[in-house]
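Worksheet for the structure shown next.
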Amino acid sequence: MTLSGMAVAFKASTSSTTQQHWPSPTKDRCQYGFTQLSRQKYRKKFAALHVTATSGKLDLDFTDPSWNQKYQEDWNRRFSLPHITDIYDLEPRRTTFSLKKNRIPLGDGDGSSADMWNGYVNKSDRALLKVIKYASPTSAGALCIDPDCSWVEHWVHRAGPRKEIYYEPEEVKAAIVTCGGLCPGLNDVIRQIVFTLEIYGVKNIVGIPFGYRGFFEKGLKEMSLSRDVVENINLSGGSFLGVSRGGAKTSEIVDSIQARRIDMLFVIGGNGSHAGANAIHEECRKRKLKVSVVAVPKTIDNDILFMDKTFGFDTAVEEAQRAINSAYIEARSAYHGIGLVKLMGRSSGFIAMHASLSSGQIDVCLIPEVSFTLDGEHGVLRHLEHLLNTKGFCVVCVAEGAGQDLLQKSNATDASGNVILSDFGVHMQQKIKKHFKDIGVPADLKYIDPTYMVRACRANASDAILCTVLGQNAVHGAFAGFSGITSGVCNTHYVYLPITEVITTPKHVNPNSRMWHRCLTSTGQPDFH
């Protein structure tokens, strides 16, 4: 299978026979292993649902007193981290990572007074994903396993440097690759990976140019990286290494990894790139190669499962303010002015939602997770008429993936295997113009699409910090011997997650969440049905 097909070909295998009837206006997609409402059923808020509870491949029978224990065991199994000792009989050595200024490796000892404090994480440390105990499945944003909303602990591995490592740093060759589209913060992550590798003592660090393509395309040579080379790359947007979508067959990439004698591969990318990294990890295990493949989650859309946020998202929301403010000024200054802004978000409306919330200037926010109608008495266009009549102008924010059910579908895909979406922003622009022309009401529409301006800028302070930590933790994870993992932030804590779990489905805005409710409160928009 080619890496370009991984994003659409990888599906979680689930099955179930145990079913329950209970009301639950919960999320459209499960993060914790149970089936939830479809968008259509969400509108029927308290209708009884035919719920199937699954956890990976585990069927849950809630009449079984031990279901909670079985669920917990299955969760722990799913979220255990692949390790190179699964295929190699290796003994760890004392780490070479030290926070002491002289960077002298620690000597042998019991780890008490001789060690000083170096910020090491115990291998048994865990972070809790879920911290709210919901009393009812009808509570806003409820994530419940069973009809009684029983408390179930979801523990994942805490990220950070360990006292013991499984590689000899002076023998390691580490490679970094940036895949997919551009995103603010790529250079910050590259920079921190290089810095941290050098602190461990790695001398042979290379960058693979232009994504996975750099492994097989003739004429593309790996770049030698060091602190001196990457010192100031964070001051610019884009990727120092270059990006591309798609790639060759997994076996061909692993052939290249094997020929280059790479020991650690750091993949910076989104869902599709993570699926590709996991395929590379599996192929390396199949060949019994001592290679750690560690991913760093990169997506402006913030749509990677379980993560609080991915790097680039905060910067995207901040940059979107410029476009929204321009649309507001244009609309406010015109007679019957309408500002229309399209923001990124293929299947998830996080940017549109957060940008609308933060600006306070949006009257209508449309996202992929919440269906709506444009025409009719309760449609968006009729509401725009109302806004022009009452306040004289309005500003609309739409995510690129919104309203796809209203457009002609395309079966075309890009190089990463993503379906090429119809342009809802342009469609909305045309519909608004036609609507007001047909009813004989003058309307001055200004359409703004800042997509490539948002992608190409450098990371803001918040994202720069996130990139720093994610890049450092990726290196710590590789030296700890993990492979097939990603470095992320969950419930404000930095953790390691198995790639197989985060790529099962994109993360979506929960239409029943408090955050979406806050957005509706801010915009004042009605239900467009």
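Anchor point for the sequence shown: position 347 equals 1818 in the working numbering, and the numbering is continuous, going up by one each time. Heads up, the beta-carbon is just placed ideally off N, CA and C, and yes, glycines get one too.
Measure the alpha-carbon distance for residue i versus residue j and round it to whole angstroms.
i: Asn1773; j: Phe1782; result: 8 angstroms
i: Asp1876; j: Asn1944; result: 40 angstroms
i: Asp1659; j: Ile1704; result: 7 angstroms
i: Cys1501; j: Lys1601; result: Because Cys1501 sits at a pLDDT of 41, beneath the cut-off of 50, its placement in the model cannot be relied upon, and the following sentence gives the value as read from the coordinates. Cα-Cα distance, rounded: 13 angstroms.
i: Thr1488; j: Leu1531; result: Confidence at Thr1488 is low in this model, with a pLDDT of 33, below 50, so the placement of that residue should be treated as unreliable; the coordinate-derived value is given next. Approximately 8 angstroms, taken between the alpha carbons.
i: Ala1748; j: Val1665; result: 19 angstroms
i: Trp1546; j: Leu1968; result: 12 angstroms
i: His1825; j: Lys1759; result: 45 angstroms
i: Pro1839; j: Phe1550; result: 29 angstroms
i: Asp1557; j: Lys1594; result: 16 angstroms
i: Thr1994; j: Ile1956; result: 39 angstroms
i: Ser1707; j: Thr1939; result: 15 angstroms
i: Leu1814; j: Lys1769; result: 17 angstroms
i: Val1788; j: Ile1919; result: 15 angstroms
i: Phe1777; j: Glu1624; result: 14 angstroms
i: Leu1561; j: Ile1636; result: 10 angstroms
i: Asp1894; j: Phe1953; result: 41 angstroms
i: Leu1696; j: His1964; result: 30 angstroms
i: Gln1832; j: Ser1727; result: 51 angstroms
i: Ala1750; j: Lys1917; result: 45 angstroms
i: His1843; j: Thr1976; result: A small correction: the amino acid at residue 1843 is Phe; His does not occupy that position in the sequence shown. So the two alpha carbons sit approximately 23 angstroms from each other.
i: Ala1746; j: His1752; result: 10 angstroms
i: Ile1974; j: Ser1744; result: 10 angstroms
i: Ser1526; j: Arg1548; result: Low confidence applies to Ser1526: its pLDDT is 44, below 50, so where it sits in the model is not reliable enough to give any reading.
i: Asp1834; j: Val1867; result: 6 angstroms
i: Pro1496; j: Thr1992; result: Because Pro1496 sits at a pLDDT of 31, beneath the cut-off of 50, its placement in the model cannot be relied upon, and the point is left open.
i: Asp1617; j: Leu1828; result: 33 angstroms
Rounded C-beta distance between residue i and residue j? I'm assuming under 8 angstroms.
i: Val1677; j: Ala1630; result: With 8 angstroms as the limit, Val1677 and Ala1630 do not qualify as a contact, their Cβ atoms being about 24 angstroms apart.
i: Arg1698; j: Glu1669; result: 6 angstroms
i: Phe1864; j: His1906; result: Their Cβ separation, rounded to whole angstroms, is 16 angstroms, which puts Phe1864 and His1906 out of contact at 8 angstroms.
i: Ile1775; j: Asn1742; result: 6 angstroms
i: Thr1649; j: Ser1710; result: 4 angstroms
i: Gly1590; j: Pro1632; result: 6 angstroms
i: Gly1652; j: Tyr1683; result: The Cβ separation is near 14 angstroms, so there is no contact.
i: Asp1934; j: Gly1740; result: Contact doesn't hold; Cβ gap of about 16 angstroms is too wide.
i: Thr1721; j: Cys1928; result: The Cβ separation is near 33 angstroms, so there is no contact.
i: Ala1949; j: Val1701; result: About 18 angstroms separates the two Cβ atoms, so there is no contact after all.
i: Gly1850; j: Phe1687; result: Gly1850 to Phe1687, Cβ: 50 angstroms. No contact.
i: Val1714; j: Phe1737; result: Actually they are not in contact, since the Cβ atoms of Val1714 and Phe1737 sit about 14 angstroms apart, beyond 8 angstroms.
i: Gly1810; j: Ala1798; result: 3 angstroms
i: Ile1970; j: Ser1763; result: Contact flag wrong, Cβ pair sits at about 12 angstroms.
i: Val1925; j: Glu1790; result: 5 angstroms
i: Cys1961; j: Val1627; result: 6 angstroms
With a threshold of 8 angstroms between beta-carbons, can residue i be considered close to chain D, or not?
i: Asp1545; result: This model lacks chain D altogether, as it is built from one protein chain only.
Residue range of the alpha helix (DSSP H) that residue i falls in?
i: Trp1987; result: 1985-1994
i: Val1665; result: 1657-1671
i: His1898; result: 1895-1909
i: Asn1539; result: 1538-1549
Classify residue i as buried or exposed, calling it buried when 16 or more other Cβ atoms lie within 10 Å of its own Cβ.
i: Trp1622; result: exposed
i: Asn1860; result: exposed
i: Ala1606; result: exposed
i: Lys1604; result: exposed
i: Leu1599; result: exposed
i: Gln1901; result: exposed
i: Gln1879; result: exposed
i: Arg1989; result: exposed
i: Tyr1513; result: Its pLDDT being 34, under 50, Tyr1513 is placed unreliably by the model, and the measurement read from it follows with that caveat. Answer is buried; the Cβ neighbour count reaches 16.
i: Thr1534; result: exposed
i: Pro1982; result: buried
i: Lys1780; result: buried
i: Pro1536; result: exposed
i: Val1841; result: buried
i: Pro1913; result: exposed
i: Asp1909; result: exposed
Over what stretch of residues does the beta strand (DSSP E) that includes residue i continue unbroken?
i: Val1648; result: 1644-1649
i: Asp1915; result: 1915-1919
i: Val1677; result: 1675-1679
i: Ala1766; result: 1763-1768
i: Ala1598; result: 1597-1599
i: Trp1626; result: 1626-1629
Shorter than 7 angstroms, the distance from the beta carbon of residue i to the closest heavy atom of the ligand GTP, or not?
i: Tyr1591; result: With respect to the ligand GTP, the structure shown offers nothing to examine, as it has no ligands at all.
Which parts of the stretch 1804-1869 are runs of the beta strand (DSSP E), unbroken and 3 residues or longer, counting only runs that do not cross its ends?
Counting whole runs of 3 or more residues, the stretch 1804-1869 contains the beta strand (DSSP E) stretches 1808-1814, 1835-1837.
Runs of 3 residues minimum, wholly inside the stretch 1928-1990: which ones carry the beta strand (DSSP E) assignment?
Within the stretch 1928-1990, the complete beta strand (DSSP E) runs of at least 3 residues are 1956-1961, 1964-1969.
Give the list of continuous beta strand (DSSP E) stretches no shorter than 3 residues that lie fully inside the stretch 1685-1753.
As far as the stretch 1685-1753 is concerned, its whole beta strand (DSSP E) runs of at least 3 residues are 1735-1740.
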